[in-house]
Amino acid sequence: MQPHVHGINKQTAVPTAAPAAPLVPTIPEAINGNMFEDSDDELCVQLLNEVENSELCKNDNNIMFEDSDDELCVQLLEEVENSELCKTNAKQQDMLEIAPNIFVENNPAETSNKSKRVHVGTTVGTKEKRKKAKLIEPATETSLLESNLFSIYNKKNRFIKKYNAYMIDYSITLKPVPGNLDIVSLNALLEDGLENMITNIKTITNFTDGDIVNMHADNPKFFSPISTGNMTSNISGQKILNKICSILTSDQSVNINETVFSFQVIIMPKGGKPKPSWEYLNLFTKNKRCVTEINNQDELCCPRAILVGLSYKTADILGHKLTDSQIKDLRNGRNNIQTRLTKQICQKLKIFDNRPFTYRDIENVEKLLNIQVKVVNVDNFCEIDYSGNENRIKIYLLKKNDHFHTIYSMPSFKERVYYCELCDTGYNNNKNKHVCKKGPGLKCKLCNEKYHIHDFRKEKIFCQECNRYCVDVECLRKHRNVCDKEYKCSGCNLIVQRNDHTHNSVCGYGKCHNCKQENIKLCLHECFMQRKIGKGGYCVEACVCNNKSSEKRKDCTFTTNYIFFDYEAQQNTGTHIPNLVIAHNFEGTKYVFSTDDVATANDKFCKWALSKDMKGTTYIAHNSKSYDTYFIIQYILKYMPTVKYEIIRNGTKVMMLEIKEGGLNIKFIDSLNFIQSKLSDFPKTFGLTEAKKGYFPHFFNTPENQCYIGPLPNKSYYGYNTMTTKQRTAFINWHDEMTNNNYTFNFKKELEEYCNSDVDILRRGCLELRKQFLDVCNIDPFKYITIASVCMAIYRQSDLSNSTIAVVQNVKKEKFSDESIKWLKSKILNGNKNIKHALNGGEAVICGAKVDGYDVSEKKVYQYHGCFWHGCPDCFNPNDTNPVNKHSMTDLYNNTIRRTTQLKENGYQVEELWSCKWRKHADYKQMMQYPDDVIEPLNPEMHFSEEELTLQN
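Quick note on this note's numbering: the sequence shown kicks off at 55 and runs consecutively.
Next comes the structure, spelled out in structure tokens:
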């Protein structure tokens, strides 16, 4: 008996009859089936009710609703009424139906008979939720062989941006087979259906040569899904059918209607022509001089960049001995040397179609030139995206927006003194002290032999003489030589030389970081909060800040390096795009940055603000923690990805952004953290006069209105419906008065005057606040982050008495967590009522140490291991150091295993549980509903949902 696919057997692959199925649910089915399952929007429900009652539903055509982020729901009814769908006759239900392209916009000329896109948008509360209704229209009349035998349905679509991958599911439904068709024709038709599916996939994903496609076919009859494996362009319908038939035995049959075909398409990274927005390269080439820019008109920037990189390593390239002049021309792209060598590489690799190179092509270039290529991806925070096989000659490429350039100095690129090409780490300390984890000279610290590759979970061997763990018996044997020279101090966890006889006298001694006393016994030291001089005030002694000297004292913190700024942005697209930034310095000098054809306002401002000329400057904007600072961070991530910055956050609000690298010492802070009022209230608060009175239509700030000159815009552009009753009344009176006076509104002029007035008010208000603080307590508030930190500084400077507020050291006490008690309680509730724990008779001492729980009747020990305190190998890197007790995670884990082994060797049963496992346990949610038995300090981790905790662990 032959194996059977429904309509296909192993020998002939012949289609048989199968009941037809509808493409997608109709509108009433979509409503009853709650296809808007993620929405609770009343407007969407109302909309569906209207559509359900429309003529469209009476024609019983197919409409499918999916999530989206598009515009107004009113467009749905308009497009439905005007669509060809309503005019379609019932005969088209029997035609070939292929789902539309949902990833890319189709050419209208090519898709006039395809699906139409309509949009739904609504707002609920303060959160904007958007839905899209997608109309899937049947295809036009086609030949019998293409339409009347099968239908193809698009079941699910996903795009994963992180991996640049598409995942698309299809199914095929066979229809009744006419009796006048032969077996060969039927087989060809089914194969043609699969080919149509593949063609549709390639159209949706913009598939090009070098991209990877993989097909999974899943059917209840398959033991496991079958896969074609990764293919580039040679996938075909015949290969899919042959693959299905090859796994079937002679007596098996499969219903093709029950088979789901899942396609995964990965758009491989490529290098082509440079993109216009390549301004950030100027920062590297001008300031660092470590990147050679590749300017090409073809799609071969990748081999060009490799050749340029190779010219920094050797003058012998592809058998040509290049002179110094030729090397210079190669790097600068002159005299066609770069082009000729690039074509020679392509000929050797048999690449003749001038297509962009992928990482697979780079691998072939590495073999051809006997080099190693590493790709630094700017879009991935300048991490290495690709690293070839290890080779002495290493070429570094810089990739941004599918274009490659050459990095010829990694230390300069990473802004470090040294750079290890083996472990790709930059460092500034002594070159000879760098410990490379991939270097051939890496040795084990315990036996001084070649570094051991071992399983972290495997129990190590403890050396009683030096308090350290060895990897295995051989390591312990060779460890004797090291053990005779050094040991690990149990008091301070430091490695001490045995001939250092002074350590015992200094162990536990050190410098108090609070009162700055040195050589004191830290465990016995009683310290108090210290008085401290506030920041930014005038110096008491002669200094340039108090005009008593021409030189500035070293400890003087007084400064006038303040810049006040404000952003104006367009928001008509739903994304805030700055088109004007105005900044004032301390004296009031104005700097204007506006968007033009060359660069955006944000790029211009940030390039100026983050330059070396602005070292030590503090930038202040009102409500910058929730708005302006995000544009700065966006610029840093896009154009300065290697620069390290620090932020202090309060939730999602950026309280302070600071850049110290390169000696910049630039800070961005928020004036709202000091003055809790609107910027419009500053004139009244500080007694200031506004340079520009009135209101501004922020919603009128759109690209098409930039040159507008005419009557005052409509009231709706001012957002007056969000104003308070008093403000709204005042605005309406102002608007009516200006309109009656035939006021001419010049948008560009009004925008600059309004923004400049805001910055001027901000500057004068902040400087007035600063002046009052300096006059009263000689402290500059903008040297701090919030008004609370300013108050604490005033208290410590002026009102704190000596030896009044103690700085309490961490006191060791009996520690047990609420989670451990909950777990033991769950054991008690499940029948083990003899368990004693910290809150039930006290913890038992067994083998010299306490245990979490103990059942004396069964001689069973219960141990709950907190991942952080016991070095869980699933949650922490074994080489990390616990920041609290200063032990390495591998030592903590080995101590835990050693304790368990000790209990078992002494005849005790041991049941242990890690905290990450407990949080996934079935009893966890139930037990956490009980009142807390132990009041613990606040733990930020517990503010996450239980689902998030599961993902973390």
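For glycine and all other residues, C-beta sits at the position ideal for the given N, C-alpha and C.
Predicted model only: the values in this text are computed from it and were never measured.
Asked                                                                                                               : Found
According to DSSP, residues forming a beta bridge with Tyr673                                                       : Ile617 and Phe722
Cβ pair Asp906, Tyr918 closer than 7 Å                                                                              : yes
Reference Asn443, options Ile425, His459 and His457, closest by Cα                                                  : Ile425
The stretch 618-632 / the stretch 593-608 touching (three or more Cβ pairs under 8 Å)                               : no
Proximity below 7 Å, CB of Tyr797 to CB of Leu828                                                                   : no
Neighbour-count burial assignment, Ser911, 16 or more Cβ in a 10 Å radius                                           : exposed
Limits of the alpha helix (DSSP H) - the one that Met710 falls within                                               : It is not in any alpha helix (DSSP H) - Met710 instead sits in the beta strand (DSSP E) that spans Lys707 to Ile713.
Glu700, DSSP secondary structure in three states                                                                    : strand
Gln963: first and last residue of the uninterrupted alpha helix (DSSP H) it sits in                                 : Careful: Gln963 lies outside any alpha helix (DSSP H), inside the beta strand (DSSP E) at Gln963 to Trp968.
Counterpart residues of Ser648 in DSSP-defined beta bridges                                                         : Leu634
For Gly1009, the nearest candidate out of Phe799, Val432 and Phe785 (CA to CA)                                      : Residue 1009 falls outside the range modelled here, since the chain spans only 55 to 1007, and no answer is possible.
Under 7 Å between C-beta atoms of Lys721 and Glu712                                                                 : yes
As assigned by DSSP and simplified to three states, the class of Cys894                                             : Residue 894 is actually Asn in this sequence, not Cys. Asn894: strand per DSSP, three-state reduction.
Secondary structure of Asn350, DSSP reduced to three states                                                         : coil
Limits of the beta strand (DSSP E) - the one that Asp439 falls within                                               : Glu437 to Ser441
In DSSP terms, what Met221 is bridged to                                                                            : Arg212 and Gln318
Under the three-state DSSP convention, the category Gln781 falls into                                               : helix
As assigned by DSSP and simplified to three states, the class of His555                                             : coil
Contact the stretch 663-675 vs the stretch 843-862: 3+ CB pairs below 8 Å                                           : no
Closest Cα partner of Val267 within the set Asn775, Thr460, Ile294 and Ala242                                       : Ile294
Pick from Phe750, His638 and Phe799 that is closest to Gly764, judged by C-alpha positions                          : Phe799
Buried or exposed by the 16-neighbour rule on C-beta atoms within 10 Å, applied to Val78                            : A caution first: Val78 carries a pLDDT of 34, below 50, which makes its placement in the model too unreliable to give a value.
Given Cys501 as reference, the closest of Asn483, Val489 and Glu528 once Cα atoms are compared                      : Glu528
Phe728 beta carbon less than 7 Å from that of Asn759                                                                : no
Nonlocal neighbours in the same chain, by C-beta distance under 6 Å from Tyr523, ignoring five residues either side : Lys514, Phe516 and Asn948
Element boundaries [alpha helix (DSSP H), containing Val419]                                                        : Tyr413 to Leu423
Residue burial classification, Lys876 (beta-carbon count within 10 angstroms, cutoff 16)                            : buried
DSSP bridge partner residues for Tyr523 (one or two, in chain order)                                                : Phe516
The stretch 353-363 / the stretch 464-480 touching (three or more Cβ pairs under 8 Å)                               : no
Extent of the continuous alpha helix (DSSP H) run through Ala655                                                    : Ala655 to Ala663
Three-pair Cβ contact test at 8 Å for the stretch 684-701 versus the stretch 817-834                                : no
Extent of the continuous beta strand (DSSP E) run through Gln917                                                    : Lys914 to His919
Start and end residues, alpha helix (DSSP H) containing Lys384                                                      : What sits at residue 384 in the sequence shown is Leu, not Lys. Leu384 -> alpha helix (DSSP H) spans Asp378 to Asn386.
C-alpha distance - Cys490 paired with Leu422, whole-angstrom precision                                              : 29 Å
Pro695 beta carbon less than 7 Å from that of Val432                                                                : yes
Simplified DSSP assignment, three categories, for Val830                                                            : helix
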